[in-house]
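> Converting from the sequence shown to my numbering requires adding 33 to each position, the first position being numbered 1. All residues carry an ideal CB built from backbone N, CA and C; glycine is no exception.
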Amino acid sequence: MITDTAILNNPSASMEADFLPLNGTDYVELYVGNALQAAHFYKTALGFQSLAHAGLKTGLKDRESYVLVQDKIRLVLTSPLHKGTDIGRHIDERGDGVKVVALWVDDATKAFEETVSRGAKPYMQPNVMEDEHGRVVRSGIHTYGETIHLFVERKDYKGVFLPGYEKWESAYNPTTTGLKFVDHMVGNVPLGEMNKWVNFYEEVMGFKQIMSFDDKDISTEYTALMSKVVSNGNGRIKFPINEPAAGLKKSQVDEYLDFYGSAGVQHMAIATDDIVGTVKELQSRGIEFLRVPTTYYDTLIERVGEIDEDVSILGELGILVDRDDEGYLLQIFTQPIEPRPTLFFEIIQRKGATSFGKGNFKALFEAIEREQAIRGTL
Ligand code: FE2
Numbered sequence: 034m035i036t037d038t039a040i041l042n043n044p045s046a047s048m049e050a051d052f053l054p055l056n057g058t059d060y061v062e063l064y065v066g067n068a069l070q071a072a073h074f075y076k077t078a079l080g081f082q083s084l085a086h087a088g089l090k091t092g093l094k095d096r097e098s099y100v101l102v103q104d105k106i107r108l109v110l111t112s113p114l115h116k117g118t119d120i121g122r123h124i125d126e127r128g129d130g131v132k133v134v135a136l137w138v139d140d141a142t143k144a145f146e147e148t149v150s151r152g153a154k155p156y157m158q159p160n161v162m163e164d165e166h167g168r169v170v171r172s173g174i175h176t177y178g179e180t181i182h183l184f185v186e187r188k189d190y191k192g193v194f195l196p197g198y199e200k201w202e203s204a205y206n207p208t209t210t211g212l213k214f215v216d217h218m219v220g221n222v223p224l225g226e227m228n229k230w231v232n233f234y235e236e237v238m239g240f241k242q243i244m245s246f247d248d249k250d251i252s253t254e255y256t257a258l259m260s261k262v263v264s265n266g267n268g269r270i271k272f273p274i275n276e277p278a279a280g281l282k283k284s285q286v287d288e289y290l291d292f293y294g295s296a297g298v299q300h301m302a303i304a305t306d307d308i309v310g311t312v313k314e315l316q317s318r319g320i321e322f323l324r325v326p327t328t329y330y331d332t333l334i335e336r337v338g339e340i341d342e343d344v345s346i347l348g349e350l351g352i353l354v355d356r357d358d359e360g361y362l363l364q365i366f367t368q369p370i371e372p373r374p375t376l377f378f379e380i381i382q383r384k385g386a387t388s389f390g391k392g393n394f395k396a397l398f399e400a401i402e403r404e405q406a407i408r409g410t411l
């Protein structure tokens, strides 16, 4: 058993040349049933701003995409315009979900060649898009399930998002909620596939495994899961990969896989530098979070030591705390944000900690099981 205090490899200390340098997450694209209404939800409830739009008005025939921004986070929400499209099939099979995790690179052609030569399945050959604001090169490879990584090279582009998109001017501009950037994105994969995908990120993308949790770390009376975390060389991209482990009842990963129909993105963790302010704002706008029993807070300071925040306020809001060798973190998890119990968000504030909240797993998974029991899917 290796815990999150055992950092297997410090990626920034690696002496090997990084064959896939990544500057960060470029955007995340979701295929959704009604992108226009989803965009309203992301603006109203999560504080995103309108950024760009592509669709019939810009010459597209098969889809409408709305692009939203909050600090460094860009979301693209895409819906099909007709029956019989691959986007429509994806939504029919999986409900709303993440299709593309786009990664910002300096050279999308090299990123494609390096990963495909190491065994990646190509999704998009390097493809140049141009308009009056410059040029963007994109390429893409497949990862778990039907999820795609696109490599986006935008150093010669000054436009609002990508060529082909027009600026989306909206009269409705709700304030932000303090969401800053994508901290990590978690994939759920079927039983027996976690190591395959960890190997994929290591061998094909040059990532390093930085943490590992087994079913002794992540189990309750009824359910268990296993997880390994991979990170790229500069640590800006972190992907935990979960697989279900044998338990008495169906685990949350099994439930996800049943409803999503394949491996896919389980949650997107978004960083804030004021989790109390962010969560207050999100709750006031109707975002619902998983709650742990109030007894969690009775022994919180004993478990994590002194913290800057007022424990009673954390308890009111349901914010969880965990500590590792480097500091502590605060985190909270939303309920699923679509009818199926699939994709959800985590809000995280790191105060030195580089781990993922292992000390909260048990309380959290018991909370998820209570929700599963209510759904009849435990
Ligand atoms: Fe997470």
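Leucine 101 and leucine 93: beta carbons closer than 8 Å?
no
> Nearer than 7 Å: is that true of the beta carbon of phenylalanine 389 relative to any heavy atom of ligand 1?
yes
> Please list, following the chain, all residues that have a C-beta closer than 5 Å to any non-hydrogen atom of ligand 1.
Ala302, Glu379
> Examine the Cβ distances between the region 116-126 and the region 145-152 and report whether three or more of them are shorter than 8 Å.
no
> Do glycine 220 and tryptophan 230 have their beta-carbon atoms positioned less than 8 Å apart in this structure?
For tryptophan 230 and glycine 220, yes; Cβs fall inside 8 Å.
> Using only alpha-carbon positions, find the residue among Leu258, Ile320, Asp164, His217 that is nearest to glycine 280.
Leu258
> Considering only the beta carbon of each residue, do leucine 412 and leucine 63 sit closer than 8 Å?
Examination of residue 412 is not possible in this model, given that the chain is present from 34 through 411 alone.
> Just grab the DSSP bridge partners of proline 223 for me.
Residue pairing of proline 223 in beta bridges, as defined by DSSP: absent, with no partner found.
> Decide if the region 378-392 is in contact with the region 345-362; the criterion is three or more beta carbon pairs, one per stretch, under 8 Å apart.
They touch, by the three-pair rule.
> Within 10 angstroms of the Cβ of isoleucine 352, are there 16 or more other Cβ atoms? Answer buried if so, exposed if not.
By the 10 Å Cβ count, isoleucine 352 comes out buried.
> Leaving aside the five residues before and after lysine 90 along the sequence, list all residues of the same chain whose C-beta is less than 8 Å from its C-beta, in chain order.
Glu199
> Alpha carbon to alpha carbon, how far is methionine 218 from tyrosine 205? Give it in angstroms, no decimals.
29 Å
> For a quick check, are the C-beta atoms of valine 169 and valine 185 less than 8 Å apart?
yes
> Taking aspartate 164 as part of the beta strand (DSSP E), name the residues at either end of that continuous run.
155-164
> By Cβ distance, which residues of its chain are closer than 8 Å to asparagine 42, with the 5 residues on each side in sequence left out?
In this prediction, asparagine 42 has a pLDDT of 47, which is less than 50 and means its spatial position is unreliable; nothing more can be read from the coordinates.
> DSSP three-state label for asparagine 42, please.
At asparagine 42, the pLDDT of 47 sits below 50, so the modelled position is not reliable; the number obtained from the coordinates is stated separately. In the structure shown, asparagine 42 sits in coil (DSSP, three-state: anything other than H, G, I, E or B).
> Per the DSSP calculation, phenylalanine 74 is bridged to which residue(s)?
None; phenylalanine 74 has no bridge partner.
> Assuming contact is defined by CB atoms lying nearer than 8 Å, are phenylalanine 246 and threonine 176 in contact in what I supplied?
no
> Name the two residues that bound the continuous alpha helix (DSSP H) containing threonine 118.
Unbroken run through threonine 118: none, as it is neither H nor E.
> Does DSSP classify serine 264 as helix, strand or coil?
Strand at serine 264.
> Would DSSP call isoleucine 181 helix, strand or coil?
strand
> Per the DSSP calculation, asparagine 275 is bridged to which residue(s)?
Answer by DSSP bridge pairing, in chain order: Asn221, Ser260.
> Can you check whether the CB of glycine 57 is closer than 8 Å to the CB of tryptophan 137?
Here tryptophan 137 is near glycine 57, since their CB atoms are less than 8 Å apart.
> Might you give, ordered along the chain, the residues of its own chain that have their beta carbon closer than 8 Å to the beta carbon of aspartate 95, omitting 5 neighbours on each side?
Cβ within range, chain order: Pro113, Leu114, His115, Thr118, Ile120.
> Could you name the residues of the same chain whose beta carbon sits closer than 6 Å to that of threonine 36, not counting the 5 residues immediately before and after it, in chain order?
Only weak support exists for where threonine 36 lies, its pLDDT of 41 falling under 50; the value from the coordinates is given anyway. Same-chain partners within the cutoff: there are none.
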